[in-house]
Amino acid sequence: MCFAVSDVTGIIPTPCSEVKRFWCVSMLSHLFSTAPMLDYSDTHCRYFWRLFTPHALLYTEMIHVNAILHGKKAHFLSYEPQEHPLALQLGGHEPQALAQCAQYAQDEGFDEVNLNVGCPSDRVQSGSFGACLMREPERVAEGVAAMRAKVSIPVTVKTRIGVDQEDSYEFLSQFVSCVAEAGCEVFIIHARKAWLKGLSPKQNRDIPPLNYERVYQLKRDFPKLHFVLNGGIKDWDTAKLALVHLDGIMIGREACANPYFLAELEQQLYHTSLPTRRAILERYLDYIDLKLSNGVHHKKLLKPLMGLFHAQKDARVWRGLLSQPDFSIELFRKFILMNERI
Ligand SMILES: Cc1cc2nc3c(=O)[nH]c(=O)nc-3n(C[C@H](O)[C@H](O)[C@H](O)COP(=O)(O)O)c2cc1C
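Sequential numbering from 457 applies to the sequence shown in our numbering.
Here it is, written out as structure tokens:
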């Protein structure tokens with residue numbers, strides 16, 4: 457099945473015609489994705505999220521090219537086969553370094569490579585990558601062209617709607633136009649600008665106002681390009697409206713706070729049945745067991761679980777269990793046994 461947005465009332469599943477079927481299998485779907493999140497969307501988290509959504513495209517945390525080229529390449533590029541479809545997000549600006557890392561990503565089986573042009577942190581700015589690159593579309597275009605020349609997997613860009621005072625629609629559309637010329641066909645837009653001085657990365661995710669209309673305008677002006685909306689999507693109504701205008705939605709913090717939202721989106725978009733939290737937990741506990749025996753620290757494995765019972769009766773008991781100083785997987789299995797209804 458692939459999906460056609462019919463009108464504002466909803467998304468209608470339509471069986472693929474022959475032509476559409478070819479399109480569906482040959483092109484990575486950006487309809488639904490989870491956001492790259494440093495110190496959060498690591499391989500364990502992505503494995504956990506996959507249990508809620510077989511279809512979503514999952515993004516790694518941003519990994520700087522130097523960490524891959526001069527650091528622990530195998531560590532940064534490792535993942536579980538279940539994580540597919542999976543995109544690697546790179547930070548950097550130097551075309552040859554980006555191209556080499558894109559090549560590594562493709563060799564390791566990643567389904568896409570994405571360039572970060574949205575992170576506003578001081579550290580990132582001092583390395584001349586992330587959001588400050590919005591001011592240098594030619595440099596971004598060079599990086600994209602170099603990566604495209606090396607790999608056949610999609611090369612995409614995640615960016616903002618502007619930086620500092622450069623927040624006009626013209627600034628944004630010139631950026632998109634220049635980078636698209638280099639071969640980028642998919643843009644993920646965090647629909648707020650970034651202030652490069654004066655706001656922390658966290659404040660830059662909340663304080664500049666969201667402007668979805670800007671992104672809708674991009675799609676009207678560049679109908680052949682694919683645009684994914686990111687920023688503040690926390691319910692199906694917002695997601696559905698975005699999908700009337702755009703090609704996809706990307707979910708960040710809500711996937712951390714309430715991962716079950718991913719299952720709800722999966723159900724709305726693909727008409728699959730909702731898994732129970734219990735079934736997800738049982739499968740993830742098996743994964744924890746395996747990873748503990750490989751020497752992974754339990755704190756890393758438990759981190760994505762915090763929001764599993766978000767807004768449920770057992771949420772407080774659950775969070776208490778996760779915060780216990782003495783870790784025991786048996787406690788979690790007991791929790792399942794004692795809570796028949798979960
Ligand atoms: C803890 C955290 C880490 C993040 N790290 C990255 C990152 O590595 N790369 C990136 O492009 N965006 C990063 N972001 C931004 C998110 O990808 C996303 O653009 C932002 O949170 C807005 O989406 P949301 O409202 O759905 O959370 C991060 C966000 C958070 C909360």
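Every residue gets a Cβ at the ideal spot worked out from N, C-alpha and C, and that includes glycine.
| Asked | Found |
| --- | --- |
| Expressed to the nearest angstrom, what Euclidean distance is found between the alpha-carbon atoms of Gly-547 and Arg-579? | 12 Å |
| Please determine, among His-500, Leu-571, Leu-718, Tyr-672, the residue with the shortest C-alpha to C-alpha distance to Leu-628. | Tyr-672 |
| Who are the Cβ neighbours of Tyr-625 in its own chain at under 8 Å, not counting the five residues just before and after it? | Arg-670, Gln-673 |
| Taking the alpha-carbon positions, what's the Ile-467 to Glu-786 distance? | Annotation note: pLDDT 39 at Ile-467 (below 50); position unreliable, no value reported. |
| For ligand 1, is there a heavy atom less than 6 Å away from the beta-carbon of Leu-720? | According to the sequence displayed, residue 720 carries Glu and not Leu. No - ligand 1 has no heavy atom lying nearer than 6 Å to the Cβ of Glu-720. |
| What runs of the alpha helix (DSSP H), each 4 residues or longer, lie entirely inside the region 536 to 615? | 551 to 563, 578 to 582, 593 to 606 |
| Is any heavy atom in ligand 1 found nearer than 6 Å to the beta carbon of His-646? | yes |
| How about Glu-517 and Leu-484: do their beta carbons lie closer than 7 Å? | no |
| Any contact between the region 692 to 710 and the region 745 to 759? By contact I mean 3 or more CB pairs, one from each, below 8 Å. | no |
| Going by beta carbon distance, what residues of the same chain come within less than 8 Å of Arg-733, once the five residues before and after it are set aside? | Tyr-716, Leu-764, Phe-765, Gln-768, Ile-798 |
| Taking Val-632 as the reference, which of Phe-566, Asp-567, Cys-501, Lys-680 has the closest Cα? | Lys-680 |
| Residue range of the alpha helix (DSSP H) that Gly-776 falls in? | 771 to 779 |
| What residue range is occupied by the uninterrupted alpha helix (DSSP H) comprising Phe-627? | 625 to 637 |
| Tell me whether Val-752 sits in a helix, a strand or coil according to DSSP, three-state version. | coil |
| Got a sec, what are the start and stop residues for the beta strand (DSSP E) Tyr-515 sits in? | 513 to 520 |
| Just to check, is the beta-carbon of Glu-568 closer than 6 Å to a non-hydrogen atom of ligand 1? | no |
| What does the alpha-carbon distance come out to for the pair Thr-509 and Cys-575? | 26 Å |
| Pull up the distance between the alpha-carbon of Ile-744 and that of Tyr-535, whole angstroms please. | 15 Å |
| DSSP on Ala-711, reduced to helix/strand/coil? | helix |
| Look at Gly-688 and Leu-666 and say whether their C-beta atoms are less than 7 Å apart. | yes |
| Should the region 586 to 598 be regarded as contacting the region 613 to 623, the criterion being three or more beta carbon pairs within less than 8 Å? | yes |
| Pop quiz: His-511 and Phe-488 are said to be a contact at Cβ under 8 Å. What is the actual Cβ separation, rounded to whole angstroms? | 6 Å |
| Going by DSSP, what residue range makes up the beta strand (DSSP E) through Phe-643? | 642 to 646 |
| Please state whether DSSP places Ala-650 in a helix, a strand or coil. | strand |
| Kindly indicate which three-state DSSP category Phe-678 falls into: helix, strand or coil? | coil |
| Report the residue from Leu-533, Pro-492, Lys-528, Glu-539 whose alpha carbon sits nearest the alpha carbon of Leu-507. | Glu-539 |
| Less than 8 Å between C-beta atoms, sequence neighbours within five positions excluded: which residues of the same chain meet that for Gln-780? | Leu-787 |
| Beta-carbon within less than 8 Å of Lys-529's beta-carbon, same chain only, minus the 5 sequence neighbours each way: which residues are those? | Tyr-560 |
| Counting only beta-carbon atoms, is Arg-797 nearer than 7 Å to chain B? | Among the chains of the structure shown, chain B does not appear; only one protein chain is present. |
| Quickly, what does DSSP pair Leu-685 with across the bridge? List them, please. | Ile-645, Ile-705 |
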